[in-house]
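Participant: Residue numbers (my numbering), protein chains in the order written: chain A, 1 to 320; chain B, 1 to 320; chain C, 1 to 327; chain D, 1 to 327.
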Amino acid sequence: MEKIRLREIYKTALISRALDERIWMLNRQGRAAIAASGQGHEISQLGCVEALDSSRDHFLIYYRQFTLMLALGTTPEEQLRNFLAKEGDIMSGARQFPLHGSHPRVDLFSFSNVVATQLPQAVGVALADKMNDKDSVTIVFFGDGAASQGDCHEAMNFASIHDLPVIFFCENNGYAISVPLEKQMNVDNISSRSSAYNIPGIQVDGTDFFSIYETTKEAVDRAKKGLGPTIIESKVERLLPHTTDDDHTKYRSASDIEHMIERDPIPIFENQLIDLGVINKKDIELMKKEVISIVNISTDKVEKEAFPSLDNMLLHSDLN
Amino acid sequence: MEKIRLREIYKTALISRALDERIWMLNRQGRAAIAASGQGHEISQLGCVEALDSSRDHFLIYYRQFTLMLALGTTPEEQLRNFLAKEGDIMSGARQFPLHGSHPRVDLFSFSNVVATQLPQAVGVALADKMNDKDSVTIVFFGDGAASQGDCHEAMNFASIHDLPVIFFCENNGYAISVPLEKQMNVDNISSRSSAYNIPGIQVDGTDFFSIYETTKEAVDRAKKGLGPTIIESKVERLLPHTTDDDHTKYRSASDIEHMIERDPIPIFENQLIDLGVINKKDIELMKKEVISIVNISTDKVEKEAFPSLDNMLLHSDLN
Amino acid sequence: MSVISVIEAVRKTIFMEMKRDKKIFILGEDVASRGGVFLATDGLLEEFGDQRVIDTPLAESSICGVAIGAAVNGMRPIAEIQFADFVWPAINQIVGEASKIRYGTFGKKKCPITIRIPYGGGVRGGLYHSQSIEVLFAHTPGLKVIAPATPYDAAGLLRSSIRNDDPVVFLEHKKTYRLVKGEVPDNDYSIPLGKAEVKKVGNDITVITYGLMLHYVLQAAEECKHFGINVEVLDLRCLRPIDSETIVQSVNKTGRALIVQEDTRAISVSSEVAAIIAEDCFFDLDAPIKRLTPIEIPPMPFSPIQEAEYMPSKIKIVKSIRELLEI
Amino acid sequence: MSVISVIEAVRKTIFMEMKRDKKIFILGEDVASRGGVFLATDGLLEEFGDQRVIDTPLAESSICGVAIGAAVNGMRPIAEIQFADFVWPAINQIVGEASKIRYGTFGKKKCPITIRIPYGGGVRGGLYHSQSIEVLFAHTPGLKVIAPATPYDAAGLLRSSIRNDDPVVFLEHKKTYRLVKGEVPDNDYSIPLGKAEVKKVGNDITVITYGLMLHYVLQAAEECKHFGINVEVLDLRCLRPIDSETIVQSVNKTGRALIVQEDTRAISVSSEVAAIIAEDCFFDLDAPIKRLTPIEIPPMPFSPIQEAEYMPSKIKIVKSIRELLEI
Ligand SMILES: Cc1ncc(C[n+]2csc(CCOP(=O)(O)OP(=O)(O)O)c2C)c(N)n1
Ligand SMILES: Cc1ncc(C[n+]2csc(CCOP(=O)(O)OP(=O)(O)O)c2C)c(N)n1
Ligand SMILES: [Mg+2]
Ligand SMILES: [Mg+2]
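Here it is, written out as structure tokens:
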């Protein structure tokens, strides 16, 4: 990968982290109603997106994919508008929880808050492409929690029968809110589902940008060759509580939290890039400053914006 | 196994077959509304039941388990009453489709027609036993079709997490009505689900009484030792169309049907017993005659019985 | 113009629509070589191939979920749920998801799916092949719910449903499938969604109904002539939206209303129709608004005599009409 | 007697019941160490251990299916659905299965489960954390559906629900959880299921409601005194069965009825209440039966101002009452 591209990606990671922190703070100040943070999942999302083509592929995402949305071209202002429920929110017109809805520029769809419903929907998206001989790939994201839902099983089974070009990408952070993996399943890896459907299941370290990228790339190739779906399980950490409403010290041990912090993917990526000579300490400092200023300017702007008017509440409903 | 016991089991197989044929005929004559036949599944059900204890264990069954009901002690008259919707039907009081409801003497539960709902329910039955330190085993039966439902996944996953004493027994006859296995899944065996849940998955020839018996016995032992669930997949044939409403020549090839008939489990069992010296040709002839007379007498009796009265329609409802 | 049954009207309409628009495809259990358990899709596999007539695994949530995904990506799927009683696993996808896609994406995505569901009883189906399942769908903003009673309406409304850009739950009464026959034009006429129809004009009382019950009501109306009662019969046809205008107009004229339905009473279509009348026809009402429905037990016993007792019948309808008119 | 919130009343009642009866256990998402996302089960893990307070996988169908199986095998499970909006995957087990077990086995099996479901809006939940989901449950024979509005009713009705031998859907309004406080006796009193309650006596009009809306209606009734209107306020408390006797008695007295509900209007609890009144109070009614409900859009926007506009409010209730009385 080109150095200049890696720098851009690194910058997206920084923006994502800073913006995510800002939104969490806005919530603490009572200015944003709720936030689910993507902190800890950033590098996994960036590595994955890099292997896809936003002008061709379909992205069915879920609420923890703040970074992915930025990587696909959503701007910081748009993200803020989304959390602050301001007029012109690109995802849902301030109707839905932040991060939900669909995107006007990319085929990025995060339709509902109901965990796992996107999985069969993604299979349908891929089926339509196959029927129309399109060579797009559909990637659908979900958490470890979602893997327990019946819909997850039905989706993987259906996709495999028809060899559909779909990638099941699980961001396994070890928790569904407070429920740890061992209470969710009696296997260590979600990728071990693969033999139930006769599709490859690959587990990968979600803090390693390059592994994620390579793994996703292979799955994309498989899909495009008509070889069918792939399950990718990316092991990541959820650095913050489930949402701003949660307090994870209630259910996570001190040592668990300590271990998790060591796996913060941004410093790991940073060190990789330093080793590769892509960035140095000084670059980092400058970029971090720039990022803070982007976040500040965006926040100031969006905070001044209006809320949507009452009558647009009727738009796109049965009453309109 | 004792010879005398094997003779009894063989006789149950004969009764089951003759009664099943009779009910099909009653339907053709317009005297029974609908019938799902168990023909082809008989020996699998008999081998399985033999490894369980009807006074201790729980049976969550589905509509294709005519033989199993007889093996557990339902009488031919009771079965006929069930199909003819007569007063005193033991399963549901003539409220439900034949074979549905629950049993007054055995913990045999075939609650609804909705495919796969019994799977999580069985897990709950087993969970209650575990909570109460009972050493019962819960066995739940389902078809290959049911294995596609989300509930199947959720049930197996839950049971495995808690190491519950439950046996998931799939009677795989290769069809969900008209849909052949290859359109239902992209694997050859439902038992290959096992690695997704970290529980044993065993495939067995459903025409071989002794294999079924041994396999079930092992699963029972595992369950009783607290080692958790087992998936058993019994490969059987559905010798008749899905129900009396169906015509399988529309979707099964002539060679498929021919192959299926060769796998009729009753002649196979018969030959095994002859080889073992349990029965001889003459026994068989005599027993077949006896069976026909049992079926005739029962049919005559039940056909003369009354239908349930109108007011018992309110019993056990919100209105009562 | 030819005289055909409801099931033929459905099949023919799907056939014609699939010929017209390549974006339409069918998915469901046993829809391909079996042609559907009621034969609603018979012959379609042969005509359109297995890419457009897809036998799915036995898993209703994915049938609807996959249909939604395909619809959002430009297709116009027709999903078949084999029996209404088995639609419950798919509620999450239909009510939770499909209904809110247009609203929840601020109009950026649409979800043109038609979900065909054979429902209703009187066919010896027992508790699990007889249910009326319209309530939740007809309650849910974002869905359209259609329940035709005649071949003409079935074809015309199915065509509109398939062409509609929102998710449509299309309810076909199983007992009407072969029982009810009628004239259906050979062209591709359509009937707008959301319009009730007066199926018989009268002055003394309005009987409002839908589905199989329409036929019993029409028979009852005929019989009421002997008692000098001139019944107006209104077929809702669409359960969401409910055509309150046509209801109010009719009841304001007759001054009396009876609602007949096969579904159980509490919180049902009959409740809404009564509520509409109670609000909008109050000053023209000459009598209480009555409802004729089954009793509150799970629908409906397998026992033939109990099943018959459970359902509203011509006799019971005549009796209710006469009571309301005190004749 | 102590003054506690709705959520405390729920928690305390579960605690007391679990102490009393070893057959009661809890299962759901995050109910154990997290104590439930609303803390309804806080501290129960510590008291009763992880055999009786079970964190489940994220899979609502199995939460309810497993509860059903355990109940049929002698236990008395309390299942928690984390938010009402996520109950749809479990509809098949609740509506399709649990509701019909006693009837469908001719009384041989029973299914004593209590399914607790936080529902309703006004908490900035957007389309997927605000829904009112009572309609389908309250329509279904074989289920009981409870929707208390006060801590006293919550505790008394939850206790009866847990002890009831049929499946009970117990709806807790999220916004009342911490907002509404009241006196709750320390003993184990219970309130019979199926009884509405007049929460304020009056003569001029009956306002019928349930859940969060009760509190807005009571405030509106207070304000109406300034206009010389004496409002009777009736809290349904149970949505299945609906206590038609109490409704009819009240409306026959006042001659006017307004139904206020947070759920959307078409085919809802308000429809049934209106239909009951239209049938049984016809000769005592002085005005049309009115309903105050949100408009027919998916409930309810995340936007704070739109959310506020969506919900019935004290001001809107007062306005509707005055319109109905032409004062
Ligand atoms: C069907 C459903 N049930 C419950 C919830 C409530 N809920 C929201 S997120 C969540 C946990 C999801 O865990 P996981 O899939 O691992 O994603 P993560 O938040 O860890 O990224 C739960 C239980 C929901 N949104 N949908
Ligand atoms: C949820 C659900 N969907 C559809 C049906 C209709 N149906 C009844 S049996 C059946 C096929 C079941 O196949 P399988 O599980 O393999 O059992 P088999 O009949 O082959 O023994 C179908 C689709 C149903 N009963 N329940
Ligand atoms: Mg997780
Ligand atoms: Mg089968």
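Don't be surprised by glycine CBs; every beta carbon is placed ideally from N, CA and C.
How is the beta strand (DSSP E) around B:Lys130 delimited, first residue to last?
Facilitator: Careful: B:Lys130 lies outside any beta strand (DSSP E), inside the alpha helix (DSSP H) at Gln118 to Met131.
Participant: Are the CB atoms of D:Asp280 and D:Ser244 within a distance shorter than 8 angstroms?
Facilitator: yes
Participant: Is the shortest distance between the beta-carbon of D:Phe302 and the beta-carbons of chain A less than 8 angstroms?
Facilitator: Chain A, which has a Cβ nearer than 8 angstroms to the Cβ of D:Phe302, makes this yes.
Participant: Could one say the Cβ of D:Phe25 lies closer than 8 angstroms to chain C's Cβ atoms, at least one of them?
Facilitator: no
Participant: In angstroms with no decimal places, state the Cα-to-Cα distance between D:Arg52 and D:Val31.
Facilitator: 11 angstroms
Participant: So, with DSSP's three-state summary, where would you put D:Lys290?
Facilitator: Residue state, collapsed to three classes: strand.
Participant: Exposed or buried, B:Thr207, counting other C-beta atoms within 10 Å across all chains shown (16 or more means buried)?
Facilitator: buried
Participant: Tell me whether A:Tyr251 counts as near ligand 3, meaning its Cβ is closer than 7 angstroms to at least one heavy atom of that ligand.
Facilitator: A:Tyr251 Cβ: outside cutoff for every heavy atom of ligand 3.
Participant: Got a sec? Which residues, its chain only, sit under 8 angstroms from C:Ile277 by beta carbon, not counting five neighbours each side?
Facilitator: Ile247, Val248, Val251, Ala257, Leu285 and Ile289
Participant: Report the rounded CA-to-CA distance for C:Val184 versus C:Lys195, giving the unit in angstroms.
Facilitator: 19 angstroms
Participant: So within the region 50-76 of chain C, which uninterrupted alpha helix (DSSP H) runs reach at least 4 residues, ignoring any that extend past its ends?
Facilitator: 60-72
Participant: Rounded to whole angstroms, what is the Cα-Cα separation between B:Leu310 and C:Gly126?
Facilitator: 15 angstroms
Participant: Counting beta carbon pairs with one atom in the region 260-279 of chain A and one in the region 40-52 of chain A, are three or more of them shorter than 8 angstroms?
Facilitator: In this structure the region 40-52 of chain A lies against the region 260-279 of chain A, because at least three pairs of beta carbons, one per stretch, are closer than 8 angstroms.
Participant: Compile a chain-ordered list of the residues in the region 72-90 of chain D whose CB is closer than 7 angstroms to at least one CB of chain B.
Facilitator: Val72, Asn73, Gly74 and Met75
Participant: Identify which residue in D:Glu307, D:Val135 and D:Leu292 has its Cα closest to the Cα of D:Arg322.
Facilitator: D:Arg322 has its Cα closest to that of D:Leu292, out of D:Glu307, D:Val135 and D:Leu292.
Participant: Within 7 angstroms: the Cβ of A:Gly145 and any heavy atom of ligand 3?
Facilitator: yes
Participant: Just the chain A side, please: which residues come within less than 7 angstroms of C:Lys108 by C-beta, in chain order?
Facilitator: Ser102 and Pro104
Participant: 8 angstroms is my cut-off, CB to CB: does A:Val114 come that close to chain D?
Facilitator: yes
Participant: Following the continuous beta strand (DSSP E) through D:Thr114, name the residue where it begins and the one where it ends.
Facilitator: Thr114 to Tyr119
Participant: In chain A, which residues lie less than 7 angstroms from B:Val204 when you measure between Cβ atoms?
Facilitator: The premise fails here: B:Val204 is roughly 19 angstroms from chain A at the closest Cβ pair, so nothing lies under 7 angstroms.
Participant: Given a cut-off of 8 angstroms on the beta-carbon distance, is the pair A:Asn27 and A:Thr244 in contact?
Facilitator: yes
Participant: Using Cβ-Cβ distances below 7 angstroms, what residues of the region 210-224 of chain A are close to chain B?
Facilitator: Answer set for the region 210-224 of chain A: empty.
Participant: Could you give the distance in angstroms between the alpha-carbon of D:Ile295 and the alpha-carbon of D:Gly121?
Facilitator: Roughly 14 angstroms between the two C-alpha positions.
Participant: Whose CA, out of A:Leu319, A:Met313, A:Lys289 and A:His316, lies closest to the CA of A:Arg17?
Facilitator: Out of A:Leu319, A:Met313, A:Lys289 and A:His316, A:Lys289 has the C-alpha closest to the C-alpha of A:Arg17.
Participant: Would you say B:Ala176 touches ligand 4, meaning its beta carbon is less than 7 angstroms from a heavy atom?
Facilitator: Within 7 angstroms of the C-beta of B:Ala176 there is at least one heavy atom belonging to ligand 4.
Participant: Quick one, which residues of the region 269-292 of chain D are near chain C if we go by CB-CB under 9 angstroms, in chain order?
Facilitator: Val269, Ser270, Ser271, Glu272, Val273, Ala274, Ala275, Ile276, Ile277, Ala278, Glu279, Asp280, Cys281, Phe282, Phe283, Leu285, Ala287, Pro288, Ile289, Lys290 and Arg291
Participant: Between C:Ser61 and chain B, is the shortest Cβ-Cβ distance under 8 angstroms, so that the two count as touching?
Facilitator: True, the Cβ-Cβ gap to chain B drops below 8 angstroms.
Participant: Identify every residue that forms a DSSP beta bridge with D:Gly104.
Facilitator: DSSP output for D:Gly104 lists no bridge partner at all.
Participant: Output yes or no for whether 8 angstroms exceeds the beta carbon distance between B:Asn157 and D:Pro57.
Facilitator: yes
Participant: Would you tell me roughly how many angstroms separate the C-alpha atoms of C:His367 and C:Val169, rounded to the nearest one?
Facilitator: The shown model of chain C, from 1 to 327, leaves out residue 367 of chain C, and the question about it has no answer.
Participant: Should D:Phe83 be counted as a contact of ligand 1 given a C-beta to heavy atom distance under 7 angstroms?
Facilitator: Flag set: Cβ of D:Phe83 near ligand 1.
Participant: Under 8 angstroms, do B:Pro229 and B:Ile199 count as touching if we go by C-beta distance?
Facilitator: yes
Participant: Just to confirm the assignment, what range does the beta strand (DSSP E) spanning A:Ile202 have?
Facilitator: Gly201 to Asp205
Participant: In whole angstroms, what is the alpha-carbon distance linking D:Glu222 and C:Ile113?
Facilitator: For D:Glu222 and C:Ile113, the gap between their C-alpha atoms comes out near 48 angstroms.
Participant: Can you give me the Cβ contacts of A:Ser194 inside the same chain, cut-off strictly under 7 angstroms, excluding the 5 residues immediately before and after it?
Facilitator: Only Pro200, Gly201 and Ile231 meet the Cβ criterion.
Participant: Along chain C, which residues have their Cβ under 8 angstroms away from the Cβ of B:Tyr251?
Facilitator: Ser33 and Arg34
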